[in-house]
Every structure is written in structure tokens, then in C-alpha cells.
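Trainee: Protein chains in written order, with the numbering used here: chain H, 485 to 869; chain D, 485 to 869; chain L, 485 to 869; chain G, 485 to 869.
There are 4 protein chains.
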Amino acid sequence: MEIEIGMAKSGRRAWGLDDIAIVPSRRTRDPEDIDLTWQLDAFTFEIPMMASAMDSAVSPATAKEIGRLGGLAVLNLEGLWTRYEDPTPVYEEIASLPKEKATRRMQELYLQPVDPELITRRVAEMKEAGIVTAGSLTPQHVERYVDAAKAGGLDVLVIQGTVVTAEHVSTRVEPLDLYRFIREIEMPVIVGGCASYAGALHLMRTGAVGILVGVGPGAACTTRGVLGIGVPQATAIADAAGARIRYLEESGRYVHVIADGGMRTGGDIAKAIAVGADAVMLGSPIAAAEEAPGRGFHWGMATFHPELPRGSRVEVGRLGTLREILLGPAHENDGRRNLFGGLRGAMAATGHANLKEFQKAEVMVAPALQTEGKQLQRSQQVGMG
Amino acid sequence: MEIEIGMAKSGRRAWGLDDIAIVPSRRTRDPEDIDLTWQLDAFTFEIPMMASAMDSAVSPATAKEIGRLGGLAVLNLEGLWTRYEDPTPVYEEIASLPKEKATRRMQELYLQPVDPELITRRVAEMKEAGIVTAGSLTPQHVERYVDAAKAGGLDVLVIQGTVVTAEHVSTRVEPLDLYRFIREIEMPVIVGGCASYAGALHLMRTGAVGILVGVGPGAACTTRGVLGIGVPQATAIADAAGARIRYLEESGRYVHVIADGGMRTGGDIAKAIAVGADAVMLGSPIAAAEEAPGRGFHWGMATFHPELPRGSRVEVGRLGTLREILLGPAHENDGRRNLFGGLRGAMAATGHANLKEFQKAEVMVAPALQTEGKQLQRSQQVGMG
Amino acid sequence: MEIEIGMAKSGRRAWGLDDIAIVPSRRTRDPEDIDLTWQLDAFTFEIPMMASAMDSAVSPATAKEIGRLGGLAVLNLEGLWTRYEDPTPVYEEIASLPKEKATRRMQELYLQPVDPELITRRVAEMKEAGIVTAGSLTPQHVERYVDAAKAGGLDVLVIQGTVVTAEHVSTRVEPLDLYRFIREIEMPVIVGGCASYAGALHLMRTGAVGILVGVGPGAACTTRGVLGIGVPQATAIADAAGARIRYLEESGRYVHVIADGGMRTGGDIAKAIAVGADAVMLGSPIAAAEEAPGRGFHWGMATFHPELPRGSRVEVGRLGTLREILLGPAHENDGRRNLFGGLRGAMAATGHANLKEFQKAEVMVAPALQTEGKQLQRSQQVGMG
Amino acid sequence: MEIEIGMAKSGRRAWGLDDIAIVPSRRTRDPEDIDLTWQLDAFTFEIPMMASAMDSAVSPATAKEIGRLGGLAVLNLEGLWTRYEDPTPVYEEIASLPKEKATRRMQELYLQPVDPELITRRVAEMKEAGIVTAGSLTPQHVERYVDAAKAGGLDVLVIQGTVVTAEHVSTRVEPLDLYRFIREIEMPVIVGGCASYAGALHLMRTGAVGILVGVGPGAACTTRGVLGIGVPQATAIADAAGARIRYLEESGRYVHVIADGGMRTGGDIAKAIAVGADAVMLGSPIAAAEEAPGRGFHWGMATFHPELPRGSRVEVGRLGTLREILLGPAHENDGRRNLFGGLRGAMAATGHANLKEFQKAEVMVAPALQTEGKQLQRSQQVGMG
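#1: Can you confirm whether the stretch 492 to 510 of chain L touches the stretch 613 to 624 of chain L when touching is taken to mean that 3 or more C-beta pairs between the two stretches lie within less than 8 angstroms?
#2: Can you check whether the C-beta of R689/D is within less than 7 angstroms of a C-beta belonging to chain L?
#3: Taking only the alpha-carbon atoms, compute the straight-line gap between S553/H and R807/H and give it to the nearest angstrom.
#4: If you reduce the DSSP assignment to three classes, tell me which class D744/G lands in.
#5: Please classify D570/L as buried or exposed, where buried requires at least 16 other C-beta atoms within 10 Å of its C-beta.
#6: Can the beta-carbon of L559/L be found less than 7 angstroms from the beta-carbon of V574/L?
#7: Please name the residue, chosen from E658/H, I757/H and A720/H, that lies closest to L839/H on a Cα-to-Cα basis.
#8: Rounding to the nearest angstrom, what Cα-Cα distance links D631/H and T622/H in this structure?
#9: Out of I809/G, V847/G and T512/G, point me to the one whose CA is closest to L662/H's CA.
#10: Buried or exposed: where does R737/D fall if 16 or more other Cβ atoms within 10 Å of its Cβ makes it buried?
#11: Go ahead and pull the three-state DSSP assignment for K583/H.
#12: Could you tell me how far apart the beta carbons of G555/D and F529/D are, in whole angstroms, since I believe they sit closer than 8 angstroms?
#13: Check V764/H in the structure and name its three-state DSSP category.
#14: Check whether the Cβ of V866/D lies closer than 7 angstroms to any Cβ atom in chain H.
#15: Once you ignore the five residues that flank P515/D on each side, which residues in its own chain have a CB closer than 7 angstroms to its CB?
#16: Might you give, ordered along the chain, the residues of its own chain that have their beta carbon closer than 7 angstroms to the beta carbon of V739/G, omitting 5 neighbours on each side?
#17: Throw me the rounded Cβ distance for the D599/D and L564/D pair, which I believe falls under 8 angstroms.
#18: Please compile the residues from chain G whose C-beta is within a distance smaller than 9 angstroms of the C-beta of R513/L.
#19: Of all the options P532/G, M747/G, G745/G and S620/G, which has the alpha carbon lying nearest to the alpha carbon of V607/G?
#20: Based on Cα-Cα distance, which residue from R664/H, A845/H, T587/H and A618/H lies nearest to I713/D?
#21: For a contact defined as C-beta to C-beta under 8 angstroms, what are the partners of M848/G on chain H?
#22: Would a C-beta distance cut-off of 7 angstroms place L792/G and N822/L closer than the cut-off?
#23: Between which two residues does the alpha helix (DSSP H) carrying Q843/L extend?
#24: Flag E774/D as yes when its Cβ comes closer than 6 angstroms to any non-hydrogen atom of the ligand MN, and as no otherwise.
#25: For P672/H, tell me which candidate among A541/H, V657/H, T690/H and R567/H has the shortest Cα-Cα distance.
#26: In the stretch 592 to 642 of chain L, which residue ranges form an unbroken alpha helix (DSSP H) of at least 4 residues, counting only runs that do not cross its ends?
#27: Can you tell me whether DSSP reads S654/G as helix, strand or coil?
#28: Under the assumption that V847/G contacts G495/H (Cβ atoms under 8 angstroms), give the Cβ distance between them as a whole number of angstroms.
#29: Does the structure place the stretch 573 to 587 of chain L close enough to the stretch 636 to 654 of chain L that three or more beta carbon pairs sit under 8 angstroms?
#30: Is the shortest distance between the beta-carbon of A490/G and the beta-carbons of chain L less than 7 angstroms?
#31: Is it true that the CB of L766/H sits closer than 7 angstroms to the CB of A557/H?
#32: Does the stretch 767 to 779 of chain D come close enough to the stretch 796 to 803 of chain D to have 3 or more Cβ pairs within less than 8 angstroms?
#33: According to DSSP, simplified to helix, strand and coil, what is V445/D?
#34: Taking any Cβ of chain D, which residues in the stretch 559 to 572 of chain H have a Cβ under 9 angstroms from it, in chain order?
#35: Could you tell me which residues DSSP pairs with E486/L in its beta bridges?
#36: For W783/G, which of helix, strand or coil comes out of DSSP?
This is the structure we're talking about:
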């Protein structure tokens, strides 16, 4: 639906997950019969979930626990764990910074250079625990650091930036050729973020096994304020799902659409899948776990940009253990615990047996009334992309 | 109106009661001439109203008073009154729990098993008062407990869950066959909740005399957050009314559409009927009565789910007697007292003589501005389904 | 634009004044050249403005001042001034009531019967001041009291209720026959409220010289909450303007459309006229004058309904003299002073020379962002109809 | 898209910058390669930016600094600097006024007459610094003061009022003939504000090199409240861009569309250009600079209107130096520092090499959720036009 903004400009109407509601069908299903299995390349996960490569959420230790709980955690290979031999004091300092000084001090803390040897050791540490290992690198540095990651035994590589495209233009440096790089690297690669049909389609054509969808999806994500860029997440996912169909037709390959950002409750996750995602990537819900390295604080990759910081260090509190947050049981009713119990419940209540079926669930456009509480919750989100 | 959410997903636009306003016609009518009578099966009620099977709202005592005032109260036959010989201390404890401990402690209190003998006694107690008796059971347990309810003299059975469909699928247990069950039971059955045309139509085909419409209708209902499921109530009612027409054509039977949840004022009730409901089911307005067992607190069936609680124990205060709330007089102007005086006033001001006429009232889509007060009020709602 | 609410119900989209903005044209005009004159029947007013028949706003004294300033004030002939020989102590008590007791006590104060002799005296007092006199009566009582008003020398009769239609149906009492009554009474009659094309058209056919348009127009008007009835004001006015065209074609008579309620600023007044009103009726802006009898408080006719009160006694403060509020100068920038200077400025900035031209101004649908301040202001409105 | 407001009135749907989001494309670009150059008439600016002719933002000193940073500052030639030999004490008093007295006292302070000799001296002072000099005059006074400005060496004349049109009608005074005036004056002229296709087109035909677009664009701008006039900025810009195309076709001349008002972050600026602006005019971001003459306060030209003030003196604080605000680096993440780094980042992330390309960026209609913080920020805007 093209809308005229003015005489010389039109645009499509876009919708966020808050604008969407899943509609019951004429069938319900036993929650015990619901299959949440997610199959990515050669790997099978019990829940369709990745943990964001954010220093506040994923450490080698939480990566292991998330792996045991059935998900896939991504370590930020250009983060604190690969810049500092022992990042503990850095985490402690970040958690203790007063709000008005946080951004400036974090800009300094992240000036510490990345140490390739630490990359190898962190990956190896996760690998030894028997989990599927995943780590993220930016397009600018992936060629420099990827061998260190391979040396540690990395299983899945994530190439991630605020916006990553298959065609990066520069007159100064030779940009990464994603097509060639992915074809040559002997590892499944997930790449993103993106937030348009064309962007998603071209990333799929690079040979990636999955793409991350989400640019400024959250209401409090400051990318929208700082850059003016951002596609509400329901539309971004549904557009990427359209690219997935197109690319499947042209290539026979099925590339996973992973919704990244803006989901806080089980209902948000259910809606992301109901509009077309194969899996979700979670940041702030993981950072709010008792085991999370962030000590109740959360920040994103763009928070410490030296000249144009986007995103905030926000206090997310500690809602429960990783197990409680992902698999329950919940003793609060706000939807922020037992996230995948919520997904299971949504699929049961609408009669869908597995994720592929649930992607076809009926949804309605039903903008949520914004209660005061909701506004407060939203303001605790972190913009990552 | 199908809206494109993104390339690979579309959905209809849905509307809540807050988005709707009733339009005056060219005729007005004497309020004294308005007929609010509601005829359900063999029973006639002076007001088109059921009280929700929520422990905070309906006790045997309030059921009797509601019956005397012209409505139909439904006792939760799997609630406190059938789990505890004397639930008074339990109610007192719930009312005294600090907010942060309420959900967890209520999960424990509701682990006490249901006693079939208490079911029989509670129903009999209501029956002796000469009112029409109604009680609710969940689909999972209705076959186990229905005989105890019949033994007490139950007049109307309500089969209720968050989402109930005519087709429940399970590989573990033999699910309830609603078609067979309703045909064989010698009692009018009301079943729900549902919130779609197809869901409503199939429930009507089971032989039920009425269906409950409403899944996550309220803005503060946490089902939408926890599960992502929910249809704004005006659309849910109007869709169910469409199913009622279709089923009437195919069968000659008129099945009642009972709007369940999300109504707080006389205006909300009027709007529910103006978009197609035959009657309304009220929870929080009843829980806010001085006689209500909840002592100024309100909670729903899903509040105490052991692993995935949805809905809250909220403080609703005590607004007045049941009579004042339902029939007035009101000494406050917020529309929360004299609910059916409000309905009568709405019908008079728009010139409609009875409920069937009022279902044809002209309405407009006119989203209410959200004032701060409104937001606060909404946050006191309880999600039941 | 008919919108499907659900399978069995549709409705038009309606818009409030807050949803509308006036668009500059390619011409501007000298403010001194703008003609704000309003001609109603044989009377000419310098500004297109009536003051609402609300006890908080219009006393005989403020009626005289409003007349001098160029407007037409309507005295409530069933209000405090015709129930009490000296209403001063009653006003003082109302202004001193604590919030939680106000509605109940006002219900009592308004039980004092109307004294026809006082009607005659109040009207005569205004008449002696040389202003055009106007008074309001409800449809139920107009036949009982109109002779007393005529005896005092009433110039313009206003017949007013929440919703008034040309066809009131009652089996108990013989309702007022508006067609006959207006034809026989020797006085111009204004009648309302109404809020639909059909309702407006039929009121025009009664022979009234003007109709009041507005049922629950304000966001905080409790008629929408209590009764569920209400048409956003921009749509209500534009629909009534449609009826005015139709009636002009069928009869050759031009009936004035007077927007009643929901306007607080000069911008609101400008928008009401730009969508089709001939004049506006103001309540709360007048009640906020230093001279207003309400002593900084404001309440409407429905506030003291004995069984179903709608509307509130709200504190509106004292913003300035009547002259400052209507004609300026303003020393605040919130648009609540110099209301008709604002109208003049709007007409100048968009190049329209007089009210009939300004009714054809281009407008856009441009929902205002709701700032916190706006919400607070809105919550001070009073629902009168 | 014409929307029916009611039977007798329709209007187009209009959109603000907050309703718009820029969509990533399938290409990204090196930020170092982005060209932000803005060419206006014979002048080239490193950033597409003008500073508003508001006394709180532009003094001769800040004009020089803004010029050095690559933008074009406009001095208000009817403001404090041309009314007072030394305006410093006046600025100090304004900054010290309590909120409730500010409007009234500023009305008095601005009664001091404009001194043409001061106009000449202020312009000359800026000219000596080697920057491009620009000053604003109102249509009413431009003929009286323009020679004084020329005498000082003015490079660019801005003729500005709330709404300026090519056709001003007055029976009292001979209005400015813009066509003749601009043709005869030997200087590039920018004129505004305007906010419609027709208004923009006719201003372009006067011979102006640029037009200012924006009437009441900000949410807290009180022009919308006081006058009811205002076009949301995205629509206003896109309509003016439509007029630019039309006028280019009919004349071969390209007239610049300068978005004026309502932009606070780099994202806002990016969106203004993405919907069609050639450059932006900034007020409150400049007033919030440490060097700004307003001492942390901001007010607009209409704030001190003697009879109908519109706009407020608001506290904007001091966010950083002019350099930090315009070019960075930022140490906060709210988008209010490094505004043109934000624009550069937006163009890089969406793959556009220069401003003309970026005007063709894909955008979506994606109304931002209003968080509480956003509302607070918005309430600090000043309505200038």
C-alpha cells in the first residue's frame, strides 16, 4: 500500500510487532505436541533462538548455558572478551558508571585493541563445552580476525553491522566481497542487519545460511533518532520472508530469516515468527538474566561509536535465571519470563504444530494502546542496529 | 480490509471498543420505554449481563444478588469455592499479599485440588436461592466434574478457557469432543473464548446456546504480551455476529454472542451491543462491588497458571454496591456505576427500543484520544482470556 | 469511507478537531480587513460566538458583558439563576466542595425547583441592558417555561439536551412536537445537540434558525464513557454542513450550524469554522473568565443528573477577563486568550476575508501528536452534551 | 489521498517527520565518500544548513562560527541586535525571567524600535569575518530596512514571516510586491514560510533562490493551537518539492526547498532531505549551543507578538559547542550532537553519495511510538512559524 506523503514523495506503510496480533484459528493443540525445533544448516536447536553478540548478554559462560538450554549464543569477537585478558573489572566499571558519564567512558574502554589470540582462546573455551559455537565480526574486520576464530573451532560465523549489504562502496579501501568471502570460508555464515526486500535478497545471494533482519526495530532504538533509518520489525520480517520465497524459487536454497531486535516478551517472539521469521535473536532479555555478564546493564555495538554513538547503556535489571527467562517457570505475568513457553502457548492456542506452520498463522493489524507501563518498558530497550 | 504488513504477510485491520463510537440517529426515545430484556434459551434476564467466572467477582452470595438484580452470575467451579471448604482465609491472604509476591503465592494457593463434593454444594446453595444457576468448567476437566455440578442443580454450563475451539488436537490425551458432549448433556451450554469468524462458527455448530467472545480484548490484558494473541473486541464481536448470521442461515438456530472482557463503563457495554453482541460478561466491574469476595482485588483464571501466568492481581477498589454498579443510582460521573442505566441512556439517546434494534445502531470508527486518566484506568484491567 | 469493523458491522471513520489542520493558501490578507461578523436571523454579532447555557459560564452579568463584546450569551433557564433567588451562596458552596463530594452534593443542589417568576426576572434584567437575550430550556420543560421567558423579553430561544431529535418517542408522555412548537412560537429558535447528517437535517426541517452540533465532542467528555455515544467534532460539523446544503436546496432557507463543545483555543475555533460551522458555542473558555460566576470551576448540564451523572465539575482556573479571553490582548501563548484574535489571525494567514469564505479553507487530516501538556489540558474539559 | 472528514469537507492526509523512516537499500557506502556540499546561488556550503534568524540562536559571533563550520547563519535584522546598542543585558534579563512573566516582559523588550544604523553595523561586522552574510526582514519592513542591510554588505536576504505568500491583500497599506522587489534587489533572496504546493509554487515564481518550508511543523509549536494552521513537515516538504519540479519545468530554474523547523536530531535532518529538502534551517539545536546568545533559552519571532503571542521561551539547555552539535564528536547518543555526522551516517548506511541522490531515498510511513521521553523532548520545541 503506497501512501502519498506529499506531491513528490510516497512510501509504503510499515508496521511494528506492537501493531500486530495473532488471531486464534478454529483449532487448538496440546502444548506438549508443539515442536519448537529449529534446524539451521547441519545444526539442530531445541528452540529457535540466538543470543545477540552483545557484551552485556553473551560471555563464554552464558554461551555455554544458552547452548545447554537449546539455543545458539553468539560471542562478540570484537568485544570486551577479545580486548581484555580479564574483562571482569571493565564490566564492573561499566555497571558503576553514572548515567551522564556512561557513553563517554565506554567510548574510551572500547578503544583497547582486539587481540586475535584472545579470539582463539574464547572460541576454544566454548567449543570445549560441547556447544555449537558462534561468534560475530564486523564486515570491516572479518577478514583480519576470521582465521583466529577458525583456529578456536568456530562453528557459525556471524557478520554483523547496523546495516550490512552485499554491495559496499568505498573509494578509500577495498571493501569486503561478501560473495567471494562466504563461498571460500568453510563455515556457515549468518549476515545482517538488513531491513528491506532488496537488501535481504542480495544478502541471500551471497551464500549466507541466514540473514539478520532488523534495523532500528525498537521504539527506543536511537538509530531512528540519530540516523532517521529504521523499518518497523513486522514489515521488515515479512519483506525478508518475501525475499526468502523469491530466492528459494531462483536457487532452491532456503535461507533463514532471523528477526533481530525489538522483542521482549514471548508474545513478541510469537509475532515475529507468525509474520515470517525462522528464529529470533535476543539481546536485552538475555542481558536481564542473573548470569549475564552485564550485571543488570545492557548496551549495544553502536553504543560506543567514537563520534556518533547510537543506543544507550540501560539498566535492564535481573529478571531471573537464563533457564527461567527462556524456558520458565515464570512467577511473574508480564511475559518476560518463560519466553519459549509463551511461544509454545501461542502455537497451542492457535493450533499450529511447528514453526513452519506457525509462520502461516493469521494475524491482524491491531495497534496496541500504549499504556504508561508499556512506555516505560520500551524506554529500557537498547538499539543495537 | 486486508492490509499488507510486508511482502509475504497481510492481515485485516482490527478495532477495539475504544476505537468505536455510537452515532445518534434522527430519533430519541423515552428511557422508560427501553426494553433491556435478554432471553437465553428458556431463561429471561432483565439485563443482558453475565458475571465472569472469576473468584474475585462471583461467590455463591454475589451470584444470588446478581440473579436478583436481573443478571446471570457464573461460579468458577474450579476455583477457590470448590477447592476450599472455607475460602475466606484464602481471600484474606490474597488481598494482603504485597504486589511482588502475589503471582507466586497465588500459584501455590491454586494447587489445592478441586473437591467434587464442594461443587455440588456450591451449586445447590445457589439453586436454593431461586436464581438461575451457572458454573464454569475448563474443557480439560468438564467431563470429570460436570456430574457433580448437575447433582447440585446447575441450570447453565459454561465451558471456558483462554481459547476454546471445536477441534482440540492432542496425541497424549483423548480431547473433549464438544459436539458429542453438548449433544448429550441435558443442559444449555455456553462455550468460549473465541475471537474469530471461523472459531465462532465452529463453536456454534457444537450445539452451544451461546459463545463467549474475547481473547485478550483489554489493553492491559497480558495475553497479548505473553502469547502475542488477541483480537480487539469490536472486531471480535462483529466477526462472531457474522458467524451467527451464517449459522442461523444454515441451521435456523440463533446462538448468542456474549462479549467477554474489556468493558468497564456503560458506554463500553453499549458499544459491545451496538457492534453485535447479545449480552456482555463482566469481570472487573463486579469485582469492584462492595459485596465482591475479592475485597477490592481482582484476578483472572490465567493469573495462577503454574508455569506461564498471564493476567495480574490488580486492585480495583470498591466502587459501590452491586445494585449501584449495575442499576444505579450513580453519584460519580465516570460511567463505572449504573452500567445498565448507561446502556438504557445510550439506547434512548439513539432511539432504539430493544437490544435487537440496538445491534443495528450506526457506529463510527473514532479512536479515543488517550488521556492520562484513561491510561491509568486501563492499567487496572485484568486479562482473563 | 466505510470501514469494516468486523464481518457484520461497518462504520465511517470520524475525525476530531485535533485531527485537522488548516492549510495556508497562496494568498495572505491584512488582519484589519478580516470580517468576523455573524448574522443570525435579524441579529448581527461582531464575533461568531455563543456562550453556553452553563451555570458556571453565564450569569445575567456575564451575559451583558459578552453582549457588549459582540457575542451572544445563553442563560440556562433551568439552572441556578432560576432556582434560587440569590444563587451566590450556592456558587460559593460548589466552588468549595472537595472533589470526591462534588457530584453528589450538586445532585442535591439542583433538586431545588425552577421558579418561573425568576425566569421572567432574569431575562428582563438582561433585556434592560440592551443586549440580545438568549435562554435555554430542555425539550421536556420548554412548553412549561417558555411563556415566563417571553414575558421577560427573550429574543432567542435555545432548546437543548444531550441529544435532541425532531422525533422523540414516548408511550408515557406526549413528547414535544418541535415542528409545531417552533412554527407557533414567535421567536427564533436554536436547537440541539445533534451529531449526524440525518439528525441535523430533521432538526433543520423543524424551522429552527440554528442547530447546535456536538455530542460528546471533547476527549474528556464523559458522555462517550458513560453512554458510548459521541461523534468527533470535525466530522459532526462537516456532516451538519452537508445537511445545511441539502436543506438549503430543498427549502431555500439557510440554517446556521453552531459547533458546540470541545473548543479551547483560537485554533480550535478556526478549525470548527474551516470545516463548516457558522459560529461556535463556548463553555469552558467562558467559565475560565475572571467575571465568570463559577469562581474558576466549570460544570455542565449533565453533571447533576440524579441517577446517571455525566461530566464533571472541573477546575478551569481564571485565565483573564472576558475581554482578554475573547478579544485580547493575550500575554500567554497557549492560544487560550484572544480567541477571536486567533480566528482573525488564522483567516489572515490563509487569505480568507470573511466567515463564509473561510468555511471553504483547505484543511488536512493531520493528527496532532499528543504531548503531555495537551493531555493535561484535555482532562480539564467538561462534557456537556 | 483525499479523506472525507464529513459530508461537506474533505482533506488530504498529512504526515510529519516523526511518521517517516528511511529504508536501507541494497547498497552501503563509505561515510568518507559522502558529499554533503550544498550549492546555493553563487555560494557553496560544506553542510546543507542555515541557522534560523532567531535571537536566541544567531548573534554576529555565532554567525561567524557557523560560517566557519560550513553553514549559513541568518541574523534577525529586526531583533535584539538591531534594537539595542548592547543587547547583552537584555539577553541576561530574558534568561532570568520566571516562566509566568516571560511572555509579557518580552513583549515589552521588543517594543524598542529597530535602528537602521545598527543593521548596517551588525552586517558589516559579520562581513569582515569573511563569511557569507545573511539577514532576515519581515515582508512588512523589508523595504524600510533593506538598504541599511545592503550598506553593511549583506550577501543573502531572507524575507520571513509565519506565512508569506506572493499575494498579500490589504486595503489599508500598499503591500510588498514580492515579484517586483526580488527582481530589482541585487541579491539572492530566500522567502518563507510556506506550507503548500500552491504557496510554494507562487513564491518560486517571485524569483527567490530558495523558499522556507514549514508552518507550525513541530508538535509543540503553538501556531497550531493559536491559529489552527499547520502542515506536518514531511508533507509540507514533499509538496514543496513537487512545486520545485513544476517550476523547473516551466522556467528552467531550480529553486531550493529549505525545511524550516521541527528538526532536532540528525535523523530528523536526514528525513527532511530524504523527502525532498535541499537544506534545513535549524533553530533550537543552535540555541542549545554553548556559544548561543540565548544562554540556554530559546524563543521565536512570534513569541513577543503584542496581542497574540505564539511560541514560548523554552529552556533548551546547553548541549555542547556549535562544532560538537553540528560536526561532532558526540558523547551522547540521543542524536542531538553531531547532526551532520548523523546525516552522513544515514546516507552511508543507505548507500547515497550526495544530497540529490539522497532526496530519492526510499522512505516508509512508520509512525514512531511516542515514548515518554520523546514527549518531554518535543515540549521543548519552539514554534517559530
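Using N, Cα and C, we set each Cβ at its ideal position, and we do this for glycine too. Please read these numbers as outputs of a predicted model, since none were measured by experiment.
Mentor: According to the structure shown:
#1: no
#2: In the second sequence, residue 689/D corresponds to position 205, counting from 1. No, R689/D lies away from the interface with chain L (no Cβ there is under 7 angstroms from its Cβ).
#3: Translated into positions along the first sequence, residue 553/H becomes position 69. Translated into positions along the first sequence, residue 807/H becomes position 323. For the record, residue 553/H in the displayed sequence is Leu; it is not Ser. Looking at the two C-alpha atoms, the distance is approximately 7 angstroms.
#4: Position 260 of the fourth sequence, counting from 1, holds the residue named residue 744/G. Residue state, collapsed to three classes: strand.
#5: For the purposes of this step, residue 570/L is taken as residue 86 along the third sequence, with counting starting at 1. Looking at its Cβ environment, which holds fewer than 16 other Cβ atoms inside 10 Å, D570/L is exposed.
#6: The count along the third sequence starts at 1 and reaches residue 559/L at position 75. The count along the third sequence starts at 1 and reaches residue 574/L at position 90. The answer is no: Cβ separation not under 7 angstroms.
#7: To locate residue 839/H, count along the first sequence from 1; it is residue 355. Measuring from the Cα of L839/H, the nearest candidate turns out to be I757/H.
#8: Within the first sequence, the letter at position 147 stands for residue 631/H. Within the first sequence, the letter at position 138 stands for residue 622/H. Straight-line Cα distance between these residues: approximately 14 angstroms.
#9: As a working note, residue 662/H is residue 178 in the first sequence. The candidate whose alpha carbon is nearest that of L662/H is T512/G.
#10: Taking the second sequence and counting its residues from 1, one reaches residue 737/D at position 253. Exposed, because fewer than 16 other Cβ atoms sit within 10 Å of the Cβ of R737/D.
#11: Along the first sequence, one-based indexing puts residue 583/H at 99. Correct three-state label for K583/H: helix.
#12: Here residue 555/D is taken as the residue at index 71 of the second sequence, counted from 1. Here residue 529/D is taken as the residue at index 45 of the second sequence, counted from 1. Going by Cβ atoms, the distance from G555/D to F529/D rounds to 6 angstroms, so yes, they are a contact pair.
#13: Within the first sequence, numbered from 1, the residue matching residue 764/H stands at position 280. In this structure, V764/H counts as strand in the three-state DSSP scheme.
#14: As a position in the second sequence, residue 866/D is number 382, starting the count at 1. Below a pLDDT of 50, predicted positions are generally treated as unreliable, and V866/D, at 32, falls in that range; the measurement from the model is reported next regardless. False, the Cβ-Cβ gap to chain H never drops below 7 angstroms.
#15: Looking up residue 515/D in the second sequence gives position 31. Closer than 7 angstroms at Cβ, skipping near neighbours: R828, G829 and A832.
#16: Against the fourth sequence, residue 739/G aligns to sequence position 255. Excluding sequence neighbours, V739/G sits near M688, A692, V693, G694, I695, R728 and Y731.
#17: Within the second sequence, numbered from 1, the residue matching residue 599/D stands at position 115. Within the second sequence, numbered from 1, the residue matching residue 564/D stands at position 80. Going by Cβ atoms, the distance from D599/D to L564/D rounds to 11 angstroms, so no, they are not a contact pair.
#18: Sequence index remark: in the third sequence, residue 513/L carries index 29 (1-based). H652, V653 and S654, listed in chain order.
#19: Taking the fourth sequence and counting its residues from 1, one reaches residue 607/G at position 123. The shortest Cα separation from V607/G among P532/G, M747/G, G745/G and S620/G belongs to S620/G.
#20: Here residue 713/D corresponds to residue number 229 of the second sequence, with the count starting at 1. Among R664/H, A845/H, T587/H and A618/H, the Cα nearest to that of I713/D belongs to A845/H.
#21: Locating residue 848/G in the fourth sequence gives position 364, counting from the first residue. Near M848/G (Cβ distances below 8 angstroms), the residues of chain H are G495, R496, R497, A498, V715, P716 and T719.
#22: Within the fourth sequence, numbered from 1, the residue matching residue 792/G stands at position 308. Within the third sequence, numbered from 1, the residue matching residue 822/L stands at position 338. Yes. Within cutoff.
#23: One-based indexing of the third sequence puts residue 843/L at position 359. Per DSSP, Q843/L belongs to no alpha helix (DSSP H) and is neither H nor E.
#24: No copy of the ligand MN appears in this structure; indeed no ligand is present at all.
#25: For this step, residue 672/H is matched to residue 188 along the first sequence. Cα-wise, what sits closest to P672/H is T690/H.
#26: 600 to 612 and 626 to 636
#27: In the fourth sequence, the residue the question calls residue 654/G occupies position 170. Looking at S654/G - three-state DSSP - the assignment turns out to be coil, as it is neither helix nor strand.
#28: Along the fourth sequence, read from residue 1 onward, the residue named residue 847/G stands at position 363. Along the first sequence, read from residue 1 onward, the residue named residue 495/H stands at position 11. At roughly 4 angstroms, the Cβ-Cβ gap stays under 8 angstroms, so V847/G and G495/H are in contact.
#29: no
#30: Here residue 490/G corresponds to residue number 6 of the fourth sequence, with the count starting at 1. The sequence given here places Gly at residue 490/G; Ala does not occur at that position. Taking Cβ atoms only, chain L reaches closer than 7 angstroms to G490/G, which makes this a yes.
#31: The sequence position of residue 557/H within the first sequence is 73, counting from 1. The sequence position of residue 766/H within the first sequence is 282, counting from 1. Contact: no.
#32: yes
#33: There is no way to answer for residue 445/D, as the model of chain D reaches only from 485 to 869.
#34: none
#35: As a position in the third sequence, residue 486/L is number 2, starting the count at 1. Its beta-bridge partners are R496/L.
#36: By one-based count along the fourth sequence, residue 783/G stands at place 299. W783/G falls in the coil class under three-state DSSP.
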